[in-house]
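Enquirer: Right, I'll just put the structure down here and ask away after.
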Amino acid sequence: MSGDVGADDSDLESTSTPVRKGVAQGAKPFQEPGELAQGAVVLIAPEPSAALLAPTNLLLDGERAVQAYLRAQLSPRSRHNALDALRRLSRLMLTNQKAQPSQIPWPAIGFEQATTIRTALYEMTRVGLITPGTANLTLSHLRGLIRTMYGMRLVTADQHELVHSGALKGVPGVRKSRGRALSATEERALRKAARALDGYQGAMLDTAIVLAIGGALRREEIAQLSVDGATLGFLRFVGKGNKAREAPIDAQMQPAIDAWLEERAELAPAHGGLFCSPHRPDRTLSPWSFWALVRAAAHHAFGTQEPCEKGCECFKVVTGPHDFRRTYATRALDQGIDIGQLRVLMGHASSATTALYDKRDEEALFEKRRNMRIIA
Ligand SMILES: [Zn+2]
């Protein structure tokens with residue numbers, strides 16, 4: 017999540033020009049002019065500088081920096097996201113859908129190119145090609161790449177300053193609210209369908225859903241729960257960002273855990289994982305299998321007679337794994353927990369992130385307002 021989302025950027029409103037060429041006066045374009053499509057963002061070699069290597073090395077150095085930046089990402093997922101962002105930037109700069117990061121002379125980046133890229137990304141959000149979240153994630157990866165290049169002494173201190181200047185700061189715009197919270201009726205229908213699954217899958221998935229909603233657990237956290245980590249009134253696990261988290265077990269969650277433990281005892285797996293793989297109880301549950309089981313139950317509960325595919329009705333009720341966390345947040349807020357307390361419970365660094373999980377109904381809010389007394 018980018019902290020830049022929604023930042024004040026009033027200066028952008030007056031300069032929302034279409035993508036421009038970023039060719040500076042007297043500078044040598046790195047690309048042959050003939051190759052450029054209209055509106056390309058061109059990275060050009062800056063004036064010769066002692067701190068920079070010869071322009072012929074810019075592509076090679078850029079590629080080295082890209083590889084170093086990707087290697088510095090700690091998880092496969094963030095590596096994938098970083099590569100995705102650099103590819104988006106490459107396509108934007110060369111106005112070529114097949115452009116790759118290796119074709120861009122990254123160490124030549126300057127103020128003009130940076131602002132042009134930012135404006136182009138902003139324009140893409142305005143016409144709905146990408147969300148502000150994607151634009152800001154892309155900018156944050158470009159800032160990251162510049163930091164890496166500075167660390168490798170491939171760019172000057174002035175170029176490094178772009179990271180802190182307005183040239184690459186996040187674009188304004190509200191991220192479209194995604195996902196939803198399950199109603200009580202939907203939760204019951206989903207769990208009923210879960211319990212109807214074959215063999216031990218039924219009791220196991222029912223318990224996993226109860227813990228996902230009741231503990232605001234992500235699917236990775238559900239998968240890594242251990243038997244020992246579900247005792248003494250708490251679920252204990254290592255959450256996102258390698259942070260140790262504890263979630264209280266309440267009076268609805270405990271019976272679900274007990275019921276599953278009874279069934280698990282008959283399977284007697286040697287591993288200490290709380291949940292088992294759907295077809296191999298001697299293995300632990302994977303995040304992917306957990307989600308596959310949820311989808312199967314969701315399709316039984318909310319889908320059609322047809323096999324489940326993208327666009328199926330069941331996705332309108334259970335849109336993604338985070339819907340369980342949204343359900344948790346929405347119900348907790350509805351019962352009077354404040355956003356600061358919820359932030360702690362959900363393990364967020366910022367309550368701006370927590371607020372995104374609030375799926376309380378606007379109609380209900382207006383009704384509440386009608387019943388309040390504001391006027392003396
Ligand atoms: Zn379906």
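Everything in the sequence shown is counted per this note's numbering, starting at 17 for the first residue and increasing by one.
Glycine is no exception: its CB is placed at the ideal position from the N, C-alpha and C atoms.
Which residue or residues does DSSP assign as beta-bridge partners of Val334?
Expert: According to DSSP, Val334 bridges with nothing at all.
Enquirer: Please list, in chain order, all residues with a C-beta atom less than 6 Å from at least one heavy atom of ligand 1.
Expert: Listed along the chain, these residues meet the criterion: His315, Gly319, Cys324, Cys328 and Cys330.
Enquirer: Less than 9 Å separating the beta-carbons of Ala232 and His157?
Expert: No, Cβ-Cβ distance for Ala232 and His157 is not below 9 Å.
Enquirer: Given this structure, state the Cα-to-Cα distance separating Asp377 from Phe306, to the nearest angstrom.
Expert: Computed Cα separation, rounded: 29 Å.
Enquirer: So the beta strand (DSSP E) Phe250 belongs to, where does it begin and stop?
Expert: It spans Phe250 to Val254 - the beta strand (DSSP E) in which Phe250 sits, taken as one unbroken run.
Enquirer: Could you tell me the distance, in whole angstroms, from the CA atom of Phe253 to the CA atom of Ala246?
Expert: In a straight line, the C-alpha of Phe253 is about 9 Å away from that of Ala246.
Enquirer: Are there 16 or more other CB atoms within 10 angstroms of the CB of Arg207, so buried, or fewer, so exposed?
Expert: By the neighbour-count rule (16 or more Cβ atoms within 10 Å), Arg207 is buried.
Enquirer: Note down, in chain order, each residue of its chain lying with its Cβ closer than 7 Å to the Cβ of Ala312, except the 5 sequence neighbours on either side.
Expert: Cβ neighbours of Ala312 beyond the five flanking positions: Leu213.
Enquirer: In terms of DSSP beta bridges, what is Thr300 paired with?
Expert: DSSP lists Cys292 as partners of Thr300.
Enquirer: Looking only at its own chain, which residues have a Cβ that is under 6 Å from the Cβ of Arg104, when we skip the five neighbours before and after it?
Expert: Hits under 6 Å: Thr154.
Enquirer: Label Pro323 either buried or exposed according to how many other C-beta atoms from any shown protein chain fall within 10 Å of its C-beta, with 16 as the threshold for buried.
Expert: Exposed, by the Cβ-count rule.
Enquirer: Taking the alpha-carbon of Ala263 as reference, which of Ala84, Glu237, Asn152 and Thr135 has the nearest alpha-carbon?
Expert: Among Ala84, Glu237, Asn152 and Thr135, the Cα nearest to that of Ala263 is on Glu237.
Enquirer: Beta-carbon separation of Ala81 and Phe127 under 9 Å?
Expert: Contact: no.
Enquirer: What whole-angstrom Cβ distance do His315 and Cys330 have, given they're in contact under 8 Å?
Expert: Yes, they are in contact, since the Cβ atoms of His315 and Cys330 sit about 5 Å apart, within 8 Å.
Enquirer: Please give the ranges of any beta strand (DSSP E) in the segment 203-269, keeping only runs that are unbroken, at least 3 residues long and fully inside the region.
Expert: 250-254 and 260-264, all fully within the segment 203-269.
Enquirer: Checking 9 Å against the spacing of the C-beta atoms, do Met269 and Val226 come in under that value?
Expert: Taking 9 Å as the Cβ cut-off, Met269 and Val226 qualify as a contacting pair.
Enquirer: Using the beta-carbon count (16 or more within 10 Å), is Thr370 buried or exposed?
Expert: Thr370 is buried by the Cβ-count criterion.
Enquirer: Would you give the residue range spanned by the alpha helix (DSSP H) that Glu329 belongs to?
Expert: Taken as a continuous stretch (DSSP letters only), Glu329 belongs to no alpha helix (DSSP H), as it is neither H nor E.
Enquirer: Flag this pair as yes or no: are the beta carbons of Pro285 and Pro303 separated by less than 9 Å?
Expert: No; because the gap between Cβ atoms is not below 9 Å, this pair is not in contact.
Enquirer: Excluding the 5 residues flanking Ile146 on each side, which residues of the same chain have their C-beta closer than 6 Å to its C-beta?
Expert: Taken in chain order, the residues that qualify are Met140.
Enquirer: Which same chain residues end up closer than 8 Å to Phe250 when comparing Cβ atoms and leaving out the 5 residues on each side of it in sequence?
Expert: If we look at Phe250 and ignore the five residues flanking it on each side, its Cβ neighbours are Glu262, Ala263, Pro264 and Ile265.
Enquirer: Relative to the C-alpha of Leu309, which residue among Met220, Thr300, Leu358 and Leu76 is closest?
Expert: Nearest of Met220, Thr300, Leu358 and Leu76 to Leu309, Cα basis: Met220.
Enquirer: Any C-beta of chain D sitting closer than 9 Å to the C-beta of Glu237?
Expert: Although the question refers to chain D, the structure presented lacks it and comprises just one protein chain.
Enquirer: So, using beta-carbon positions, are Asp339 and Ile355 closer together than 9 Å?
Expert: Not in contact: Asp339 and Ile355 (Cβ atoms no closer than 9 Å).
Enquirer: Within a Cβ cutoff of 7 Å, which residues of the same chain sit near Val179, ignoring the five residues on either side of it in sequence?
Expert: Cβ neighbours of Val179 beyond the five flanking positions: Arg159, Ile162 and Arg163.
Enquirer: Provide the residue span of the alpha helix (DSSP H) that contains Gln175, from first to last.
Expert: Looking at the DSSP string, the run of the alpha helix (DSSP H) that includes Gln175 is Ala173 to His176.
Enquirer: In terms of alpha-carbon separation, which member of Glu379, Asp274, Leu102 and Val334 lies closest to Gln113?
Expert: Cα-wise, what sits closest to Gln113 is Leu102.
Enquirer: Is the distance from the Cβ of Glu79 to the Cβ of Ser118 below 9 Å?
Expert: Yes; because the gap between Cβ atoms is below 9 Å, this pair is in contact.
Enquirer: Distance check for Val187 and Tyr138, CA to CA, integer angstroms please.
Expert: Rounded to the nearest angstrom, the two C-alpha atoms are 6 Å apart.
Enquirer: Express the C-alpha separation of Lys332 and Glu379 in angstroms, rounding to a whole number.
Expert: Each residue's Cα considered, the two are about 20 Å apart.
Enquirer: Taking Cβ positions, are Ala136 and Leu108 nearer each other than 9 Å?
Expert: Yes. Within cutoff.
Enquirer: Output yes or no for whether 9 Å exceeds the beta carbon distance between Ala88 and Gly257.
Expert: Taking 9 Å as the Cβ cut-off, Ala88 and Gly257 do not qualify as a contacting pair.
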